[in-house]
Amino acid sequence: MEAATSYIVIRGTGVISPLGHNAHTVEAAYRAGIPAFTSVAHQGQLLPIAALPDAAEHALQQLLQANPNYRQLDRSVLMAIYAARQAASEAGWLNESENPADDLAVNIGSSRGATGLFEQHFDAFQQGHTVSSSASPTTTLGNLSSWVAHAVNAGGAQISHSITCSTALMAVANGVAWLKAGMAQRFLAGGTEAPLTPFTLAQMKAVGIYSKLADAPFPCQPFAVEKQNTFALGEGAAVFALEQVAASQLQPGNCVIEAVGFGFEKLVSKTGISAAGENFQKAMRHALAQLPEHDRHVDLIITHTPGTRAGDSAELAAIQAVFGNHMPAITTNKWLIGHTLGASGALSLQYATAILSGQRHTALPYPALLPSSSQPAHYSRILINAAGFGGNAASILIKLV
């Protein structure tokens, strides 16, 4: 970092998830370490899901009532707006004037997009009803960032994308690249997902990975000693306000994005991950290579690990291949909130900022196959991983100044 003249600082964070509706409630839930799962009946089977708690749902409904235009939007878009306004407000960027801020760009990603609204419109079509004129504009993926831009009055670039479960970290990477290129002065980046719909649940069941532990204390168990698939879906959104600042302007306590790395491997399965986790290895090495060679120590890794046998073991194998005898501590948040697909990387990144702020993380409370590593006395640098269907992976390194 010494050679750098500027840094990408996280100026603000917005979050809504099964753990709460702002940083305070979410961080308190992390400290409590109580999984946020409930059960729903789906095709004659109980499935564990992690939905928004009552207080977060109430906050989302208040947003819905605040603007009549929001009533036509998908839940994924509403959560993105909610989180983005939080992040912009914390950064001091929430612009209520009539003139949009042309220097503020937006990139919000989602794996599935407006799946709930799409299912409703398609069901009506199948039943012979006239298709609503709002069906196309409110279910297209570009709908995400454009509505967020309206909500925060951003006039810069508006990007929506899907790179499966790496989506949110890729959005943050885009923000870093645009800021460093001078194509934006400020950037809102993150991910959102509202996948708790009948068809999405059916798709995940069809892959054969969904958890059968609906009644267990821990329905989703990444790295579990007992080898079984415990994938469970959750919903949520997280958005970050990013800005490039000169080294002289850094303040103690600033959280900076040091590096972003990418990895890809050819498809070897439906989910696109090899036993050695080659995409993870490439992404982590790419990120670490951007640090000075003498300063590549990582205190903690927040893994992608969705609770599947193949995915969890592949990522652990990749971590062992990259770090060898210098293993960082390892944790995950999916045992608490499940897999939020395209939003998962953003929610992991938000968890990382909470750990740096509070200097603690919640250890896995069930028997887990994790390599022995000493818990750091102080958390300074955290690595966050994400990977998705198709063989892609992303890694982000953040540091507390």
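Just so you know, we're using our numbering here: the sequence shown kicks off at 4 and counts up by one. Ideal Cβ positions, reconstructed from N, Cα and C, are used throughout, including at glycine.
Going by DSSP, what residue range makes up the alpha helix (DSSP H) through residue i?
i: D183; result: The question names Asp, but residue 183 is Lys in the sequence shown. Its alpha helix (DSSP H) spans residues T170 to A184.
i: F243; result: Here F243 belongs to no alpha helix (DSSP H); instead the beta strand (DSSP E) covers G239 to A249.
i: H289; result: E281 to L291
i: R299; result: Segment: none, R299 is in no alpha helix (DSSP H) and carries neither H nor E.
i: L147; result: N146 to V155
i: P140; result: A138 to T142
i: D315; result: R312 to F326
Along the chain, where does the beta strand (DSSP E) containing residue i start, and where does it finish?
i: V18; result: S9 to I19
i: A45; result: First, the residue type needs correcting, since residue 45 is His and not Ala in the sequence shown. Element bounds for H45: T41 to H45.
i: R189; result: R189 to E196
i: L303; result: L303 to I305
Buried or exposed: where does residue i fall if 16 or more other Cβ atoms within 10 Å of its Cβ makes it buried?
i: N395; result: buried
i: V325; result: buried
i: H381; result: exposed
i: A6; result: Because the pLDDT of A6 is 47, which lies under 50, any placement of that residue in the model is unreliable, and the number read from its coordinates should be weighed accordingly. Under this definition A6 is an exposed residue.
i: R88; result: buried
i: S165; result: buried
i: P222; result: buried
i: V301; result: buried
i: G119; result: buried
i: Q130; result: exposed
i: V134; result: exposed
i: G193; result: buried
i: M186; result: exposed
i: I37; result: exposed
i: R363; result: exposed
i: G310; result: buried
In the DSSP assignment, what residue or residues form a beta bridge with residue i?
i: A371; result: A227
i: Q48; result: H45
i: K402; result: V259 and R384
i: H342; result: L236
i: Y354; result: Paired residues: none, contrary to the question.
i: S163; result: I111
i: I212; result: Bridge partners of I212: none, in fact.
i: T334; result: I305
If I'm right that residue i touches residue j with Cβ under 8 Å, what's the distance once you round it to whole angstroms?
i: L339; j: L55; result: No, L339 and L55 are not in contact; Cβ-Cβ is about 14 Å, not under 8 Å.
i: F265; j: A397; result: 6 Å
i: L107; j: C258; result: Not confirmed; about 20 Å, so no contact.
i: A240; j: A32; result: Not quite, the Cβ-Cβ distance comes to about 16 Å (not below 8 Å), so this is no contact.
Relative to the ligand NAP, is the shortest distance from any of its heavy atoms to the C-beta of residue i smaller than 7 Å?
i: I399; result: Absence of the ligand NAP is noted for the structure shown, with no ligands found whatsoever.
| message | List, from N- to C-terminal side, the alpha helix (DSSP H) runs of 4 residues or more that fit wholly inside the region 108-134. | response | 118-129
- Message: Ignoring anything shorter than 3 residues, give me the beta strand (DSSP E) runs that lie fully in the region 26-105, in order along the chain.
- Response: 41-45 and 48-53
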